[in-house]
Amino acid sequence: ATNPCCSYPCQNDGMCMTTGHDTYMCDCSNMDFYGDHCEHPTLMKRIKTWLRPDTETTHYLLVEPKYKWIWNIVNNLTFLSRRIMKVIYMLRADVLDSPPIYNSAHSYVTLDAAFNRSLYSRILPPVPEECPTPMGTKGPKELPDVDLLIKKFFTRTKFLPEPTGSNVLFSYFAQHFTHMFFKTDFQKGPGFQWGNHGVDMSNVYGKDKAAENRLRSFKGGKFKMQLVKGEEYPLPVSKTGAEMVYPKHVREEHKYALGHSLFGLLPGLFVYSTVWMREHNRVCGILAKTHPEWDDERLFQTGKLIILGETIKIVIEDYVQHLSSYNYQLLFVPDVLFGEPFQYQNRIAAEFNHLYHWHPLMPTNFNISGTVYELKDYMFHSELVIKHGFANVLDSMIKQRAGLMSHHNHGPGTLHVLRDSIIHQRQLRFQSLNNYRKRFNLAPYTTFEELTGETVMAAELEKLYHDVDAVEMYVGMIVEKRRHRAMFGSSVIEIGGPNSVKGLMSNYICSPQYWKPSTFGGEVGFDIVNTASMQKLFCQNIKGKCPVVSFRVPD
Ligand code: MNH
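So in this note's numbering, spot 298 of the sequence shown is number 799, and the numbers just go up one at a time.
(1) Consult DSSP for R715 and reduce its assignment to one of helix, strand or coil.
(2) Could you give the residue range of the beta strand (DSSP E) that holds P999?
(3) Counting pairs of Cβ atoms below 8 Å between the segment 980-990 and the segment 748-756, do you hit three or more?
(4) Would you please state the rounded distance, in angstroms, between the beta carbons of R902 and V1054? I believe it to be under 8 Å.
(5) Check each candidate in E963, S870, I849 and name the one with the smallest Cα separation from N697.
(6) Using a Cβ-Cβ cut-off of 8 Å (strictly less than) and excluding sequence neighbours within five positions of V918, which residues of its own chain qualify?
(7) What separation, rounded to the nearest whole angstrom, lies between the Cα atoms of L831 and D819?
(8) Is DSSP giving N617 helix, strand or coil here?
(9) In chain order, what residues of the same chain have a beta carbon less than 7 Å from the beta carbon of S508, not counting five sequence neighbours either side?
(10) Considering only the alpha carbon of each residue, which of N604, R715, H908, C527 lies closest to L759?
(11) Roughly how many angstroms separate the alpha carbons of L1038 and E780, rounded to a whole number?
(12) Does H698 come out as helix, strand or coil in the three-state DSSP assignment?
(13) Take A675 and list the residues in its own chain whose beta-carbon comes closer than 7 Å to its own, dropping the five residues that flank it on each side.
(14) When the Cα atoms are used, what is the spatial distance from F580 to T656?
(15) From the DSSP output, in three-state form, read off S739 for me.
(16) Suppose only complete runs of 3+ residues qualify. What are the beta strand (DSSP E) ranges in the segment 744-810, listed by chain order?
(17) What does the alpha-carbon distance come out to for the pair D970 and V976?
(18) Could you tell me which residues DSSP puts in a beta bridge with E732?
(19) Are the CB atoms of V700 and G769 within a distance shorter than 8 Å?
(20) Would DSSP call N935 helix, strand or coil?
(21) Nearest-angstrom Cα distance between L562 and S826?
(22) So, do the segment 875-887 and the segment 923-934 have three or more beta carbon pairs nearer to each other than 8 Å?
(23) Three or more C-beta pairs closer than 8 Å, one from the segment 837-854 and one from the segment 671-685: is that the case here?
(24) Per DSSP, what kind of secondary structure is T956 in: helix, strand or coil?
(25) Under 8 Å, do S897 and S933 count as touching if we go by C-beta distance?
(26) Sort Y757, T519, A944 by Cα distance to D555 and report the nearest one.
(27) Distance check for I1010 and W1016, CA to CA, integer angstroms please.
(28) By the DSSP assignment, the alpha helix (DSSP H) with F867 in it spans what residues?
(29) With a threshold of 6 Å on Cβ separation, who are the neighbours of V738 within its own chain once the five nearest residues in sequence on each side are excluded?
(30) How far does the beta strand (DSSP E) with Y874 in it reach, from first residue to last?
(31) Is the separation between the beta-carbon of G1022 and that of T812 shorter than 8 Å?
(32) Considering R590, what are the terminal residues of the alpha helix (DSSP H) in which it resides?
(33) Can you tell which of F931, T1032, D1056, N1031 has its C-alpha closest to the C-alpha of C632?
(34) Taking N1059 as the reference, which of G904, D921, R623, K805 has the closest Cα?
(35) Measuring CB to CB, does T1070 end up less than 8 Å from L788?
(36) Rounded to whole angstroms, what's the CA-CA distance from S718 to L766? Just pull it up for me.
Shown next, in the form of structure tokens:
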């Protein structure tokens, strides 16, 4: 007998539990559904579903130019736009389990899932080992050959530009920001991680106290930095003892000490590391003026709180704003959640990490002030930023187009990462894309054509996977048709969205105890947080002419 839960018989995220060798039950407790398979919605649920437009309609209303005038009005009505933001926060965060109930070690609920923070959580549990196929009961007994998949669906032959106009400044922001919480401990295995499960600014300050201390000057709360041509830059590793990963060929003086051990990888990561360190030092200078009574430690700690606040503000109002393509202006307003049932705790899910593998965003070659660098001449060459000048590099990042987040657009330099991540998803026994779609209230695809929106890949995928219910999560997300005027397909948006909102708004600083001026050194600091923007982040920390800072290539 096989485990009868392998066929995922319970509907609407009802819990399947075996009750003997070949029987099972669906537990629909605390749900809006009832019945043997949790298939019947309650009356309240039916009314709610009837009142609430489906996700495709909502998306269309938010991005379609012909409704832009409505949003222009809404954006200017503070009361209404704050109301809408509250609804977005609550509906998005509500989709996730908090505290988490699964991790990659078990296919059922465990205490370990909630207590063991060295593992990523799981949104859906792994497919049980004893199931007939890797996706449960559907699809082939053995999943398609990884290298065949990469060749057929992933490899870039010609650079495909990002159609909403995103630039490389955007790609690097995504990478720099998310690497503070996507930190797989590959030595232990793909289910393990070495971070704090949230926005802790370890990408700027270092992974722990010791790492942080190596970057500090212990004067005025500031980072220890060097002046080059009148601008602050991070110091070389030799002057700090920071633990950085650089290949042997990199010259000692070009190995810079940054918050994340891997950020020597790309000059764009060096740019973001540098600008945040400068911003921290600038903020500490302001704090020292308002608080002459404070010592180095208090200035440092308060500066860090402000930098974290600025980061969330910028992530929501500049970065997510851009990536959503919404005509509605998103807001960072933690106070709208006060008094509501909302958990100020977060856990990073393995699925969130995997869906954020946005390597197609990176172009094949990199242009700095007219010089075109191949990835091999660019990787681990942070010194190019100093050589070309910070403002020039920033300008080039704004002007270079990012790649389309889609099939046939993984550059040669990241194919090995892609290969590893598909293998890891299989080791972690991720459920099918369609199971994730159901989990996030999206209709599962019924045909391969519906998934891809075309016929050629659809036919090839059908040969490899047999059943659309057996398509793997990441593979499916990459071949998925793009949503109307969006950067991604609906799966990335509807699965990524809740994880993103929850991760940002459940930050400790958003709780009523933290979210007040005194936490940030008074009105001056609170104001820095509440008015932060990409434009100011760069222009207040740059010598020379500051360009218009945007995540879109200017016309
Ligand atoms: Mn990227 C992991 C290289 C751009 C998101 N990336 C990795 C790894 C390498 C890597 C190497 C480690 C994977 C492994 O050992 O299996 N990444 C690159 C390179 C570029 C790049 C060379 C640019 C060129 N990466 C990006 C961009 C994003 C991104 C842009 C967008 C957010 N990368 C990730 C994520 C991981 C990752 C997420 C997983 C990190 C982890 O699990 O620790």
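The beta-carbon is built from N, C-alpha and C at its ideal position, and this holds for glycine as well.
This one's a predicted model, so the numbers in the text were calculated from it and none came from an experiment.
Short version:
(1) Indexing the sequence shown from 1 puts residue 715 at position 214. In the structure shown, R715 sits in a helix (DSSP, three-state: H, G or I).
(2) Locating residue 999 in the sequence shown gives position 498, counting from the first residue. Unbroken run through P999 is the alpha helix (DSSP H), 991-1006; no beta strand (DSSP E).
(3) Judged by Cβ distances under 8 Å, the segment 980-990 makes no contact with the segment 748-756, as fewer than three pairs qualify.
(4) Within the sequence shown, numbered from 1, the residue matching residue 902 stands at position 401. Within the sequence shown, numbered from 1, the residue matching residue 1054 stands at position 553. Contact check for R902 and V1054: beta-carbon distance about 5 Å, within the 8 Å limit, so the pair qualifies.
(5) The sequence position of residue 697 within the sequence shown is 196, counting from 1. Nearest C-alpha to N697: I849.
(6) The residue given as residue 918 occupies position 417 in the sequence shown. Within the same chain, V918 has close Cβ partners H858, H860.
(7) In the sequence shown, residue 831 corresponds to position 330, counting from 1. In the sequence shown, residue 819 corresponds to position 318, counting from 1. As the crow flies, the alpha-carbon of L831 is around 9 Å from that of D819.
(8) What you label residue 617 is simply residue 116 of the sequence shown in a count that begins at 1. Of the three classes helix, strand and coil, the one that applies to N617 here is coil, per DSSP.
(9) In the sequence shown, the residue the question calls residue 508 occupies position 7. These residues qualify, in order along the chain: G637, T638.
(10) As a position in the sequence shown, residue 759 is number 258, starting the count at 1. Measuring from the Cα of L759, the nearest candidate turns out to be R715.
(11) On the sequence shown, position 537 is the one that residue 1038 refers to. On the sequence shown, position 279 is the one that residue 780 refers to. Distance between the alpha carbons of L1038 and E780 is about 7 Å.
(12) For the purposes of this step, residue 698 is identified with residue 197 of the sequence shown, where counting begins at 1. In this structure, H698 counts as coil in the three-state DSSP scheme.
(13) Taking the sequence shown and counting its residues from 1, one reaches residue 675 at position 174. The beta carbon of A675 is closer than 7 Å to those of W859, L862 in its chain, skipping five residues each way along the sequence.
(14) Here residue 580 corresponds to residue number 79 of the sequence shown, with the count starting at 1. Here residue 656 corresponds to residue number 155 of the sequence shown, with the count starting at 1. Taking the straight line from one Cα to the other gives about 48 Å.
(15) Within the sequence shown, the letter at position 238 stands for residue 739. Here DSSP, grouped into helix, strand and coil, assigns S739 to helix.
(16) Within the segment 744-810, no beta strand (DSSP E) run of at least 3 residues lies entirely inside it.
(17) Within the sequence shown, numbered from 1, the residue matching residue 970 stands at position 469. Within the sequence shown, numbered from 1, the residue matching residue 976 stands at position 475. So the two alpha carbons sit approximately 13 Å from each other.
(18) Your numbering for residue 732 matches position 231 in the sequence shown. According to DSSP, which records beta bridges pairwise, E732 is partnered with V729.
(19) Here residue 769 is taken as the residue at index 268 of the sequence shown, counted from 1. Here residue 700 is taken as the residue at index 199 of the sequence shown, counted from 1. Between G769 and V700, the C-beta spacing is not below 8 Å.
(20) One-based indexing of the sequence shown puts residue 935 at position 434. Three-state DSSP puts N935 in a helix.
(21) The residue given as residue 562 occupies position 61 in the sequence shown. The residue given as residue 826 occupies position 325 in the sequence shown. Going by the C-alpha atoms only, they are around 11 Å apart.
(22) No, they do not touch.
(23) The segment 837-854, when compared against the segment 671-685, does touch it at the 8 Å Cβ threshold.
(24) Taking the sequence shown and counting its residues from 1, the one referred to as residue 956 is at position 455. Coil.
(25) Counting from one through the sequence shown, the residue named residue 897 turns up at place 396. Counting from one through the sequence shown, the residue named residue 933 turns up at place 432. No, the Cβ-Cβ distance between S897 and S933 is not below 8 Å.
(26) Translated into positions along the sequence shown, residue 555 becomes position 54. When each option's Cα is compared against that of D555, the closest is A944.
(27) Indexing the sequence shown from 1 puts residue 1016 at position 515. Indexing the sequence shown from 1 puts residue 1010 at position 509. Inter-residue distance for W1016 and I1010 is about 6 Å (C-alpha atoms, whole angstroms).
(28) Numbered from 1 along the sequence shown, position 366 holds the residue referred to as residue 867. Here F867 belongs to no alpha helix (DSSP H); instead the beta strand (DSSP E) covers 866-869.
(29) As a working mapping, residue 738 is identified with position 237 in the sequence shown. Taken in chain order, the residues that qualify are M745, K756, A758.
(30) Working through the sequence shown from its first residue, we reach residue 874 at position 373. Per DSSP, the continuous beta strand (DSSP E) segment holding Y874 begins and ends at 872-875.
(31) For the purposes of this step, residue 1022 is identified with residue 521 of the sequence shown, where counting begins at 1. For the purposes of this step, residue 812 is identified with residue 311 of the sequence shown, where counting begins at 1. No, Cβ-Cβ distance for G1022 and T812 is not below 8 Å.
(32) Taking the sequence shown and counting its residues from 1, one reaches residue 590 at position 89. Checking the sequence shown, residue 590 turns out to be Tyr, not Arg. Membership of Y590 in the alpha helix (DSSP H) is indicated by the continuous run 579-595.
(33) The count along the sequence shown starts at 1 and reaches residue 632 at position 131. Per the Cα distances, F931.
(34) What the structure shows of the chain is the stretch from 502 to 1056, and residue 1059 is not part of that stretch, so it cannot be assessed.
(35) Nothing about residue 1070 can be read from this structure; the chain reaches only from 502 to 1056.
(36) For this step, residue 718 is matched to residue 217 along the sequence shown. For this step, residue 766 is matched to residue 265 along the sequence shown. A straight-line Cα-Cα distance of about 25 Å links S718 and L766.
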